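S.K.:
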Amino acid sequence: MRKEEIKAKAESLAMRAICCHGVKNAKDVLYEAYKIVRDVTNEKKESEE
615 MRKEEIKAKA
625 ESLAMRAICC
635 HGVKNAKDVL
645 YEAYKIVRDV
655 TNEKKESEE
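Heads up, our numbering is the position in the sequence shown plus 614, with the first residue counted as 1.
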(Lines of atoms letter the chains of each structure in order from A and count residues from 1; the text may use other names and numbers.)
(Lines give C-alpha, C1' and ligand atoms only; values in the text may rest on other atoms or scores of the structure.)
Protein backbone atom coordinates (compact mmCIF):
# COMPACT_ATOMS: atom_id res chain seq x y z
CA MET A 1 0.00 0.00 0.00
CA ARG A 2 1.21 3.46 -0.84
CA LYS A 3 1.31 6.28 1.66
CA GLU A 4 -1.66 8.05 -0.01
CA GLU A 5 -3.79 4.90 0.22
CA ILE A 6 -2.97 4.46 3.91
CA LYS A 7 -3.74 8.09 4.63
CA ALA A 8 -7.07 7.93 2.80
CA LYS A 9 -8.01 4.75 4.65
CA ALA A 10 -7.12 6.28 8.01
CA GLU A 11 -9.07 9.44 7.23
CA SER A 12 -12.18 7.52 6.19
CA LEU A 13 -11.93 5.42 9.37
CA ALA A 14 -11.68 8.58 11.44
CA MET A 15 -14.65 10.24 9.73
CA ARG A 16 -16.78 7.13 10.14
CA ALA A 17 -15.81 6.92 13.81
CA ILE A 18 -16.75 10.54 14.47
CA CYS A 19 -20.08 10.15 12.66
CA CYS A 20 -21.04 6.85 14.28
CA HIS A 21 -19.52 6.98 17.74
CA GLY A 22 -18.92 10.61 18.62
CA VAL A 23 -15.68 12.35 19.35
CA LYS A 24 -14.80 10.40 22.51
CA ASN A 25 -14.53 7.08 20.68
CA ALA A 26 -12.97 8.72 17.64
CA LYS A 27 -9.74 9.09 19.63
CA ASP A 28 -9.64 5.32 20.10
CA VAL A 29 -10.22 4.71 16.39
CA LEU A 30 -7.62 7.30 15.43
CA TYR A 31 -5.15 5.50 17.68
CA GLU A 32 -6.00 2.20 15.96
CA ALA A 33 -5.44 3.86 12.58
CA TYR A 34 -2.15 5.28 13.83
CA LYS A 35 -1.01 1.81 14.94
CA ILE A 36 -1.87 0.38 11.50
CA VAL A 37 0.09 3.11 9.74
CA ARG A 38 3.02 2.69 12.15
CA ASP A 39 3.09 -1.08 11.60
CA VAL A 40 3.03 -0.63 7.82
CA THR A 41 5.82 1.94 7.87
CA ASN A 42 7.90 -0.28 10.17
CA GLU A 43 7.45 -3.21 7.78
CA LYS A 44 8.59 -1.04 4.87
CA LYS A 45 11.72 0.06 6.74
CA GLU A 46 12.59 -3.53 7.64
CA SER A 47 12.07 -4.76 4.08
CA GLU A 48 14.28 -1.98 2.70
CA GLU A 49 17.20 -2.85 4.97
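Ideal Cβ positions, reconstructed from N, Cα and C, are used throughout, including at glycine.
Everything numeric in this text was worked out from a predicted model, so none of it was measured.
Buried or exposed: Ala647, going by 16 or more other Cβ atoms within 10 Å of its Cβ?
M.R.: Result: buried.
S.K.: In chain order, what residues of the same chain lie with their CB nearer than 7 Å to the CB of Leu627, ignoring the 5 residues before and after it?
M.R.: Cβ neighbours of Leu627 beyond the five flanking positions: Val643, Ala647.
S.K.: Which of helix, strand or coil does DSSP assign to Arg616?
M.R.: DSSP places Arg616 in coil when its eight states are reduced to three.
S.K.: May I have the straight-line CA-CA distance separating Glu667 from Val654, to the nearest angstrom?
M.R.: Residue 667 is absent from the model: the chain starts at 615 and stops at 663.
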